[in-house]
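Taken in sequence, the protein lines are chains Y and B.
All residue numbers for the first sequence refer to my numbering, where the first residue is 1 and numbers rise by one.
All residue numbers for the second sequence refer to my numbering, where the first residue is 1 and numbers rise by one.
Each residue gets a CB set at the ideal place from its N, CA and C atoms; glycine is no exception.
These figures come from a predicted structure and were not determined experimentally.
What follows is a single structure, written as structure tokens, with notes after it.
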Amino acid sequence: MIRKSLTAMALVAASPFASAQSVSMCVFDVIGANGDFYNFVKDYALEMKGHGVDFQLKPYTDEGVAIGDFNAGQCDAVAATDIRIRPFNKFTGSISAVGAIPTYDNLKTLLATLAQPKAAPLMKDNGYEVLGIVPVGAGYLFVNDRSIDTAGELAGKRMATLDYQKDAIHMVNYVKATVVPSDITNFAGKFNNGSVDTAYAPAFAYEALELYKGIGDQGGVVDYPLAQLTLQMVARDEVLDDETAQKAREVAWGMFPQAMNLIEKQEAAIPDGKWVRIPEKDIRGYQEMFRENRIEMRDGVNGAPDVYHPKMMGLLSKIRCASNPSAAECTAANRE
Amino acid sequence: MISTLVTFSRRISVAPLKLLTAGALILLAGCSANPIYTTTGVVLSNYSEGEATPYVLQMSDPKMACALGEGIDPLLYSFSRVTDAPDSTGSLLMLLAGNCAEYKAWEAELAYLRADYQGNVEAAKDAREEAKRLNALTAKRRYASFQRAMAAYEFDPSVEPVECPFLFSEQDELTFLLGLLTGMQAIVNDANSGAMAGVPKNIAPQAERAATCLDNEKWGGMPNAIRALVWLLLPDTRPALSPDPWQVLEHSTELGAEKGMRVPHALQAVAAETFGRPEKLEEAIASFVEANATIDVWDEYRLVDEVAAGVIRFSSDKHWSANYGYRTPQTYFGKMSPERETENVETMSLDGLL
Numbered sequence: 001m002i003r004k005s006l007t008a009m010a011l012v013a014a015s016p017f018a019s020a021q022s023v024s025m026c027v028f029d030v031i032g033a034n035g036d037f038y039n040f041v042k043d044y045a046l047e048m049k050g051h052g053v054d055f056q057l058k059p060y061t062d063e064g065v066a067i068g069d070f071n072a073g074q075c076d077a078v079a080a081t082d083i084r085i086r087p088f089n090k091f092t093g094s095i096s097a098v099g100a101i102p103t104y105d106n107l108k109t110l111l112a113t114l115a116q117p118k119a120a121p122l123m124k125d126n127g128y129e130v131l132g133i134v135p136v137g138a139g140y141l142f143v144n145d146r147s148i149d150t151a152g153e154l155a156g157k158r159m160a161t162l163d164y165q166k167d168a169i170h171m172v173n174y175v176k177a178t179v180v181p182s183d184i185t186n187f188a189g190k191f192n193n194g195s196v197d198t199a200y201a202p203a204f205a206y207e208a209l210e211l212y213k214g215i216g217d218q219g220g221v222v223d224y225p226l227a228q229l230t231l232q233m234v235a236r237d238e239v240l241d242d243e244t245a246q247k248a249r250e251v252a253w254g255m256f257p258q259a260m261n262l263i264e265k266q267e268a269a270i271p272d273g274k275w276v277r278i279p280e281k282d283i284r285g286y287q288e289m290f291r292e293n294r295i296e297m298r299d300g301v302n303g304a305p306d307v308y309h310p311k312m313m314g315l316l317s318k319i320r321c322a323s324n325p326s327a328a329e330c331t332a333a334n335r336e
Numbered sequence: 001m002i003s004t005l006v007t008f009s010r011r012i013s014v015a016p017l018k019l020l021t022a023g024a025l026i027l028l029a030g031c032s033a034n035p036i037y038t039t040t041g042v043v044l045s046n047y048s049e050g051e052a053t054p055y056v057l058q059m060s061d062p063k064m065a066c067a068l069g070e071g072i073d074p075l076l077y078s079f080s081r082v083t084d085a086p087d088s089t090g091s092l093l094m095l096l097a098g099n100c101a102e103y104k105a106w107e108a109e110l111a112y113l114r115a116d117y118q119g120n121v122e123a124a125k126d127a128r129e130e131a132k133r134l135n136a137l138t139a140k141r142r143y144a145s146f147q148r149a150m151a152a153y154e155f156d157p158s159v160e161p162v163e164c165p166f167l168f169s170e171q172d173e174l175t176f177l178l179g180l181l182t183g184m185q186a187i188v189n190d191a192n193s194g195a196m197a198g199v200p201k202n203i204a205p206q207a208e209r210a211a212t213c214l215d216n217e218k219w220g221g222m223p224n225a226i227r228a229l230v231w232l233l234l235p236d237t238r239p240a241l242s243p244d245p246w247q248v249l250e251h252s253t254e255l256g257a258e259k260g261m262r263v264p265h266a267l268q269a270v271a272a273e274t275f276g277r278p279e280k281l282e283e284a285i286a287s288f289v290e291a292n293a294t295i296d297v298w299d300e301y302r303l304v305d306e307v308a309a310g311v312i313r314f315s316s317d318k319h320w321s322a323n324y325g326y327r328t329p330q331t332y333f334g335k336m337s338p339e340r341e342t343e344n345v346e347t348m349s350l351d352g353l354l
């Protein structure tokens with residue numbers, strides 16, 4: 001009891017506003033505290049201060065280390081990409097499922113849906129709670145030869161693949177391309193020096209990591225979102241009460257236009273001529289291929305890893321069919 | 001009525017004279033601009049480069065220098081309409097103008113941190129928004145400065161392998177080097193603006209390559225400090241067998257202090273903030289302050305050291321404002337907390353006196 005009140009007094013002395021709850025957050029951004037997304041989380045933190053939570057942010061340029069520190073209890077919350085969030089919440093960690101969100105409008109619908117109070121139970125899993133989801137941009141396929149514009153063309157091609165991204169590895173194997181294990185720090189170099197033929201990344205990488213060098217005169221960026229990457233804020237469940245956690249998710253959702261503004265700018269930095277537009281009939285083929293893979297990775301069959309949450313796959317399918325009811329998948333027998 | 005007639009008759013008599021003069025000028029100048037303007041432009045450009053720039057680089061008042069940049073840049077650079085663009089001086093003037101915008105952005109940032117510390121969310125938001133706008137302005141000016149510095153030496157930073165520019169004088173070398181540094185700063189400012197300025201991020205790897213064109217020892221570790229910062233940001237750019245970037249930064253601060261130009265300290269502080277390394281930040285600030293006692297500032301380029309001092313002081317002020325709600329008290333510059341050193345001092349017994 002005495003110890004508790006001493007701690008409380010120490011807290012009062014340390015902060016002039018004892019009413020604001022202090023929560024430490026490890027924040028991943030490829031370029032640290034001067035990165036676009038770290039700055040974005042700063043805005044989120046400021047907004048949350050108005051709701052009584054004082055986030056203390058710490059930048060990390062290595063996502064694995066950020067997650068490690070969160071696991072080790074060095075921070076109460078973490079902001080990292082969807083793929084790394086999967087162990088804490090398989091449902092929201094499945095947002096980046098391959099080809100599951102073909103447009104930013106679909107993504108908008110999804111994030112609006114998840115920000116509703118009704119979705120709160122889905123945000124808790126395993127003793128952790130998701131405090132907000134922010135888009136980082138779609139992942140695109142970068143190729144060193146424009147003729148690699150169909151899944152068939154990928155066969156035999158070397159592809160830089162994040163070694164911890166099980167679903168991507170499965171997809172690369174599925175299209176009979178060769179997995180070249182990589183991480184965020186070296187995939188661009190491999191693409192630029194020609195040791196791989198293709199890589200996938202958000203538009204941000206085109207300029208910052210000089211992927212145009214790997215693209216050269218012959219290559220391009222395939223204009224079809226392979227997956228939607230999101231940054232998710234996750235905390236241990238006991239850190240925030242339910243009402244505040246819901247507020248946090250609404251705050252993050254309220255920042256959607258700001259994030260999209262950033263993404264649109266990054267995509268606009270890719271010159272028009274560098275985009276590889278693919279014909280509508282090919283897109284339909286792609287969609288079916290992705291869908292079959294998602295089902296495999298939802299059910300963990302045919303040697304696929306069991307990584308996608310069935311409820312998220314169902315919700316995403318509903319969203320796609322609401323915006324495009326004539327798609328074949330909407331009447332398929334094995335709808336997600 | 002009469003006065004109108006007089007004016008009219010005057011106009012008639014003056015008109016042929018004006019026509020003649022205009023004709024002569026056109027002949028003199030071919031069909032291009034006014035020759036007096038062209039000559040003035042050449043004279044001013046040469047004067048700026050030969051006299052004004054060395055003078056300004058020796059100044060010890062960065063705020064006055066930045067005001068000069070804001071005030072003179074539009075005038076001097078307007079001569080690019082009548083003669084070759086005065087890019088080398090133009091890049092330095094725009095660099096100074098960028099500093100002016102940044103000083104305002106710093107104040108807004110500190111106001112945000114103070115308000116945040118006090119829990120005044122509205123004031124914090126307002127100040128942060130102000131800081132973002134000013135960062136965007138700074139980023140735009142710095143990007144322009146970078147572009148001019150590259151144009152001045154006909155250097156294309158995107159060409160690989162890098163083709164080093166011809167830098168005839170020491171001042172050229174410094175202008176080029178500062179151009180690279182300013183380009184890097186533009187990226188940081190743009191990120192802090194919420195990407196309002198749209199500065200291309202590939203400046204960072206380009207600057208890394210171009211920095212190899214300069215003598216690291218001669219320039220007090222500045223070129224390698226730039227490279228090390230980029231290696232940290234983009235690990236892909238780090239050559240095989242190169243030393244740890246943090247070590248390079250530390251070594252660069254030593255070289256910088258020896259040469260009397262502490263830019264590497266400022267880069268070390270920026271890196272420490274970017275990568276969330278408080279111990280490195282403390283080290284950078286403390287060693288900058290310690291060097292005050294021993295350093296012999298490179299007189300010809302005193303301004304560069306002063307600008308770096310401003311960056312270090314701002315880093316310290318940010319830390320103090322975020323953690324204590326006020327900027328660094330003068331006697332605490334070099335320390336990260338208000339712990340006094342007056343607690344464990346030996347005292348004498350007063351028993352015999354009482």
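Query	Result
Assigned secondary structure, Ser24 (chain Y) (DSSP; H/G/I helix, E/B strand, else coil)	strand
Chain-order list of residues whose beta-carbon lies under 7 Å from that of Pro205 (chain B) (same chain, five-residue window excluded)	Val230, Leu234 and Thr237
Residue from Y:Asn261, Y:Lys213 and Y:Glu63 with nearest C-alpha to Val134 (chain Y)	Y:Asn261
CA-to-CA distance, Lys58 (chain Y) to Val41 (chain Y), given in whole angstroms	11 Å
Contact list for Ala195 (chain B) against chain Y, beta-carbon separation under 9 Å	Asp36, Asn39, Asn261, Leu262, Lys265 and Gln266
Beta-bridge partners of Val222 (chain Y), as assigned by DSSP	Y:Leu141 and Y:Val276
Test: Gly30 (chain B) CB closer than 7 Å to a CB of chain Y	Any reading at Gly30 (chain B) needs caution, since the residue's pLDDT is 47, under 50, leaving its predicted position unreliable; the model's value is listed next. For Gly30 (chain B), the answer is no, since every Cβ of chain Y falls outside 7 Å of its Cβ.
Whole-angstrom C-beta distance between Asp36 (chain Y) and Ala149 (chain B), which should lie under 8 Å	Actually they are not in contact, since the Cβ atoms of Ala149 (chain B) and Asp36 (chain Y) sit about 25 Å apart, beyond 8 Å.
Where the beta strand (DSSP E) containing Ser182 (chain Y) begins and where it ends	Thr178 to Ser182
The region 208-235 of chain B: positions lying closer than 9 Å to chain Y by Cβ	Leu232, Leu233, Leu234 and Pro235
Alpha carbon of Tyr117 (chain B) to alpha carbon of Tyr324 (chain B), nearest angstrom	7 Å
Beta carbon of Lys166 (chain Y) nearer than 7 Å to that of Thr198 (chain Y)	no
Interface flag, Ala138 (chain Y) vs chain B, CB-CB below 7 Å	no
Where the alpha helix (DSSP H) through Val251 (chain Y) begins and ends	Asp242 to Gly254
Local Cβ density within 10 Å of Val65 (chain Y), reported as buried at 16 or more and exposed below that	exposed
Identified DSSP bridge partners for Val248 (chain B)	Bridge partners of Val248 (chain B): none, in fact.
Proximity test, Cβ basis, 7 Å: Ile31 (chain Y) and chain B	yes
For Leu110 (chain B), three-class secondary structure by DSSP	helix
Exposure label - Arg340 (chain B); buried when at least 16 CB within 10 Å	exposed
Best match in B:Ala269, B:Ile203, B:Pro165 and B:Cys66 for proximity to Gly183 (chain B) [C-alpha to C-alpha]	B:Ile203
6 Å Cβ shell around Cys66 (chain B) - same chain, five flanking residues per side excluded	Leu96, Asn99 and Cys100
Asp54 (chain Y) - partner residues in DSSP beta bridges	Y:Ser22
Any chain Y beta carbon closer than 7 Å to Asn202 (chain B)	yes
Ala197 (chain B) beta carbon less than 7 Å from that of Ala136 (chain B)	yes
Distance between Pro202 (chain Y) and Gly219 (chain Y) (C-alpha atoms, nearest Å)	16 Å
Closest by C-alpha distance to Phe55 (chain Y), when choosing among Y:Leu162, Y:Asp76 and Y:Arg298	Y:Asp76
Leu46 (chain Y) at chain B interface by Cβ criterion, 7 Å	yes
Within-7 Å CB hit, Val248 (chain B) to chain Y	no
Straight-line Cα distance separating Ser96 (chain Y) from Val136 (chain Y)	11 Å
Proximal residues to Val297 (chain B) (C-beta, below 7 Å), its chain only, five neighbours per side dropped	Gly260 and Asp305
Residue span of the alpha helix (DSSP H) that contains Tyr44 (chain Y), given as start and end	Asp36 to Lys49
Same chain, Cβ closer than 7 Å to Ala211 (chain B), neighbours up to 5 away in sequence not counted	Leu180, Pro223, Ile226 and Arg227
Assigned secondary structure, Thr81 (chain Y) (DSSP; H/G/I helix, E/B strand, else coil)	strand
Beta-carbon separation (whole angstroms), Ala177 (chain Y) vs Ala188 (chain Y), contact threshold 8 Å	Going by Cβ atoms, the distance from Ala177 (chain Y) to Ala188 (chain Y) rounds to 18 Å, so no, they are not a contact pair.
is_contact[Met59 (chain B), chain Y] using C-beta, thresh 7 Å	no
Buried versus exposed, by CB contacts within 10 Å (16 or more), Ile36 (chain B)	exposed
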